[in-house]
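Asker: Residue numbers (the working numbering): 44 to 664. First the structure, which I've put down as structure tokens, then a few questions once you've had a look.
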């Protein structure tokens with residue numbers, strides 16, 4: 044399918060997704076109906092997928108389009124009877140056109156780079172391919188979510204990561220894929236770009252409401268020149284939606300009892316629910332909304348409505364998780380309080396022990412500064428300048444900061460990838476920074492030209508960093524900047540995967556490493572945390588017995604991604620402690636190895652052996 048055709052189809056599916064919510068927002072008289080339309084459309088689509096799943100109806104193009112057509116018709120009918128408050132029209136601009144337009148120039152380089160990257164290299168997040176996007180592909184091909192969250196060996200053979208995240212992000216991609224009839228990545232470019240554009244709109248609107256019209260413009264510019272914010276929003280994971288969720292909730296939440304009404308409270312609740320449906324930690328936005336609402340004097344009745352809408356919207360998926368796995372937050376254990384996949388939890392515990400926040404922060408401070416400086420510096424300036432006025436923004440930012448600190452130890456992809464969780468905080472930092480910039484410029488109007496030029500210069504650097512993140516632009520030749528993403532693409536399609544597929548010849552393979560690349564090549568993958576091989580880590584079977592057990596299951600090969608964390612993880616198993624007796628090297632690709640399971644014939648298998656255990660890398664970092 045030609046690139047232009049994909050973009051047109053993706054754009055049309057995005058417009059149709061937003062139409063029902065936009066119509067209802069107009070009927071209710073809500074401000075920023077485009078923002079409300081996207082939030083409502085995304086939540087409605089997630090509810091549609093959930094409804095089809097629990098009624099055992101197929102997730103097909105026919106069922107999706109028929110149901111969404113009905114939703115659209117209902118919205119059109121309701122639109123005929125306008126009710127609710129009149130739209131709040133933003134105050135007119137007091138500054139001249141020159142002053143209004145100058146800071147917007149900072150968006151031009153960043154938008155150009157962002158459009159190029161999400162179009163040419165869509166969904167470029169490291170684990171987008173094997174989680175969010177892969178789930179969307181499975182929804183398209185299998186027309187069900189029966190395998191998600193995975194609970195059986197068959198489930199893990201299909202979707203190999205123990206996740207129970209609501210399929211909101213995946214449903215957005217599946218929507219475009221189902222209507223197009225193909226899982227082509229560029230189809231997702233419009234919906235990803237829409238998240239970035241709407242986040243700019245929401246940041247602009249919130250800063251405008253809290254401070255001044257000029258503050259809104261500066262806030263959007265500061266967000267655009269924060270490379271981490273742009274990268275986190277457009278990589279194709281949940282962090283674009285979490286930022287949009289929090290900013291939209293703060294934008295729609297009434298500032299005083301005089302502004303209280305049902306439509307705005309429901310819209311604020313839907314925005315908060317968007318965060319909870321994007322990722323588990325998004326439930327914290329509900330608490331922020333309630334605390335902030337009480338501090339503004341909102342009635343308990345309205346706050347009860349707010350909370351009820353969030354729960355009714357987001358809780359059903361978590362209830363399904365609880366029914367299927369015993370854990371609504373599968374696969375998070377919350378300090379051992381909830382049942383989890385024990386084999387995978389052991390790997391997460393090793394991450395927690397070895398990726399401590401202090402060490403990560405000390406080694407990654409330069410990355411933090413280079414990728415987050417504009418929003419963080421602006422946020423600090425705004426917090427000092429408006430410390431009495433900005434309590435709500437600071438509460439929300441502090442909540443996100445705490446969530447990020449809790450997440451660092453569980454992110455194996457490196458410190459740079461942990462920073463994507465900060466995206467909602469960066470958006471709020473841009474809001475505060477916009478207020479600070481507008482305040483200083485108002486006191487010194489002659490600085491406006493310098494500020495505009497400075498923002499534009501910084502935007503060029505931000506665009507370059509956005510283009511190559513998580514890499515660094517100035518360590519590469521300019522001719523390589525547009526090819527940095529090719530490295531990741533080529534890494535995921537290396538000949539080693541084809542070699543493994545040929546060598547294993549359709550047999551079952553125990554894998555600690557690249558599940559999705561092998562599954563796509565027809566390899567029958569069994570991840571090390573599949574319930575089928577739980578005996579490897581329960582300590583009940585000897586190494587020899589485990590080898591024979593694997594053979595009876597038809598598993599004759601093992602693929603291991605090398606690394607000291609993986610080495611420590613595997614050595615929790617008696618089988619891998621005595622692996623040299625049973626694993627014969629077959630392929631060694633440097634960072635990955637294929638072993639053939641070999642059981643010594645006609646001789647007893649010892650319970651222990653002086654042979655050195657398997658070391659996929661030295662036992663220290």
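Beta carbons are placed, not taken as given, at the ideal position from N, Cα and C, and that holds for glycine.
Check this for me: beta carbons of residue 614 and residue 268, under 8 Å apart or not?
Answerer: Result no, Cβ atoms of residue 614 and residue 268 do not sit closer than 8 Å.
Asker: Give me the Cα-Cα distance between residue 199 and residue 173, rounded to the nearest whole angstrom.
Answerer: In a straight line, the C-alpha of residue 199 is about 13 Å away from that of residue 173.
Asker: For residue 450, which residues in the same chain have their Cβ closer than 8 Å to its Cβ, ignoring the five residues on either side in sequence?
Answerer: Answer for residue 450: 324, 461, 464, listed in chain order.
Asker: Cutting at 7 Å between CB atoms, please list the residues of its own chain near residue 452, excluding the five before and the five after it.
Answerer: Contacts found: 394, 395, 398, 399, 400.
Asker: How many angstroms separate the CA atom of residue 624 from the CA atom of residue 638?
Answerer: Roughly 12 Å separates the two Cα atoms.
Asker: Taking residue 247 as the reference, which of 287, 99, 279, 280 has the closest Cα?
Answerer: Of 287, 99, 279, 280, the residue nearest in Cα terms is 287.
Asker: Closest to residue 506 by CA distance: which of 492, 59, 524, 490 is it?
Answerer: Nearest option by C-alpha distance: 524.
Asker: Contact between the segment 184-201 and the segment 367-379: three or more CB pairs below 8 Å?
Answerer: Contact holds: three or more Cβ-Cβ distances are below 8 Å.
Asker: Have a look at 208, 356, 279, 345 and flag the residue whose alpha-carbon is nearest the alpha-carbon of residue 94.
Answerer: Checking every option, the nearest Cα to that of residue 94 belongs to 356.
Asker: Note down, one range per segment and in chain order, each alpha helix (DSSP H) of at least 4 residues found wholly within the segment 316-391.
Answerer: The qualifying runs are 327-338, 343-368.
Asker: What residues match up with residue 631 in a beta bridge as DSSP calls it?
Answerer: DSSP, once it has assigned bridges, lists 636 as partnering residue 631.
Asker: Residue 178 to residue 471, Cα distance in whole Å?
Answerer: Straight-line Cα distance between these residues: approximately 31 Å.
Asker: Excluding the 5 residues preceding and the 5 following residue 77 in the sequence, name in chain order all residues of the same chain whose CB lies nearer than 8 Å to its CB.
Answerer: Cβ within range, chain order: 61, 65, 241, 244.
Asker: In this structure, how does DSSP classify residue 598 when only helix, strand and coil are distinguished?
Answerer: If DSSP states are grouped into helix, strand and coil, residue 598 belongs with the strands.
Asker: By a C-beta neighbour count over all protein chains shown, 10 Å radius and 16 as the cutoff for buried, is residue 305 buried or exposed?
Answerer: Result: exposed.
Asker: Per DSSP, residue 551 is paired with what?
Answerer: DSSP, once it has assigned bridges, lists 567, 598 as partnering residue 551.
Asker: Within 10 angstroms of the Cβ of residue 135, are there 16 or more other Cβ atoms? Answer buried if so, exposed if not.
Answerer: Reliability of the predicted coordinates at residue 135 is poor, the pLDDT of 49 falling under 50, and the value obtained from them is presented with this limitation in mind. It counts as exposed.
Asker: By alpha-carbon positions, which one of 121, 229, 280 ends up nearest to residue 171?
Answerer: Of the candidates 121, 229, 280, the one whose C-alpha sits nearest the C-alpha of residue 171 is 280.
Asker: Which of helix, strand or coil does DSSP assign to residue 438?
Answerer: Residue state, collapsed to three classes: helix.
Asker: Which residue or residues does DSSP assign as beta-bridge partners of residue 603?
Answerer: Beta-bridge pairing links residue 603 to 555, 636.
Asker: So residue 288 is in the alpha helix (DSSP H); what residue range does that whole segment cover?
Answerer: Counting along the chain, the alpha helix (DSSP H) containing residue 288 begins and ends at 282-295.
Asker: Measuring alpha carbon to alpha carbon, tell me which of 378, 382, 377, 354 ends up nearest residue 367.
Answerer: Looking at the Cα atoms, 382 is the closest of the given residues.
Asker: Tell me whether the segment 210-223 and the segment 329-346 touch, counting them as touching only if at least three CB pairs, one residue from each stretch, are closer than 8 Å.
Answerer: No: fewer than three Cβ pairs fall under 8 Å.
Asker: Alpha carbon to alpha carbon, how far is residue 468 from residue 416?
Answerer: If I take the Cα positions, the gap works out to 12 Å.
Asker: Rank 569, 609, 508 by C-alpha distance to the C-alpha of residue 153 and give the top, closest one.
Answerer: Closest by alpha carbon: 508.
Asker: Using the C-alpha atoms, what's the distance from residue 582 back to residue 274?
Answerer: Their Cα atoms are separated by approximately 43 Å.
Asker: Please report the Cβ distance between residue 459 and residue 495, rounded to the nearest whole angstrom; I am assuming they are in contact, meaning their Cβ atoms lie under 8 Å.
Answerer: Incorrect: roughly 30 Å between the Cβ atoms, too far for contact.
Asker: Note the first and the last residue of the continuous alpha helix (DSSP H) segment covering residue 177.
Answerer: Residue 177 -> alpha helix (DSSP H) spans 175-185.
Asker: Taking the continuous alpha helix (DSSP H) assigned at residue 504, which residues delimit it?
Answerer: First-last of the alpha helix (DSSP H) with residue 504: 491-511.
Asker: Assign residue 550 to one of two classes, buried (16 or more other C-beta atoms within 10 Å of its C-beta) or exposed (fewer than that).
Answerer: Exposed.
Asker: Decide yes or no for the touch test of the segment 570-581 against the segment 626-643: beta carbon pairs closer than 8 Å, at least 3 of them.
Answerer: Contact between the segment 570-581 and the segment 626-643 is absent, because fewer than three Cβ pairs lie under 8 Å.
Asker: Could you have a look at residue 626 and say whether DSSP puts it in helix, strand or coil?
Answerer: Of the three classes helix, strand and coil, the one that applies to residue 626 here is strand, per DSSP.
Asker: Would you tell me roughly how many angstroms separate the C-alpha atoms of residue 112 and residue 439, rounded to the nearest one?
Answerer: Their Cα atoms are separated by approximately 37 Å.
Asker: Pick out whichever of 360, 70, 157, 293 has its Cα sitting closest to the Cα of residue 320.
Answerer: Nearest option by C-alpha distance: 360.
Asker: With 16 as the cutoff for other CB atoms within 10 Å, does residue 516 come out buried or exposed?
Answerer: Residue 516 comes out buried.
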